[in-house]
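Presented below is the structure to which this report refers.
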Amino acid sequence: MQEKYPETPLDSIKYSKLDIFAAIKNFVKKKYKVYV
291 MQEKYPETPL
301 DSIKYSKLDI
311 FAAIKNFVKK
321 KYKVYV
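Here the sequence shown is numbered in the numbering used here, starting from 291 and rising by one per residue.
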């Protein structure tokens, strides 16, 4: 996993939202064996 530290707060929010979205997607995949 590559850590990225964006320079602006807006970018960090964007990146963290993408990370959260990816984490939820992976969780759903594992838990329900559904491919989203």
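We put the beta carbon where it would ideally sit given N, CA and C, even for glycine.
Rounded C-alpha distance that separates residue i from residue j
i: Asp301; j: Lys323; result: 32 angstroms
i: Lys315; j: Pro299; result: 24 angstroms
i: Lys304; j: Phe317; result: 20 angstroms
i: Lys319; j: Ala312; result: 10 angstroms
i: Ser306; j: Lys321; result: 22 angstroms
Residue i (DSSP reduced to helix, strand or coil)
i: Lys323; result: coil
Contact test: residue i Cβ vs the ligand PLP heavy atom, cutoff 8 angstroms
i: Lys315; result: You won't find the ligand PLP in this model; it holds no ligand whatsoever.
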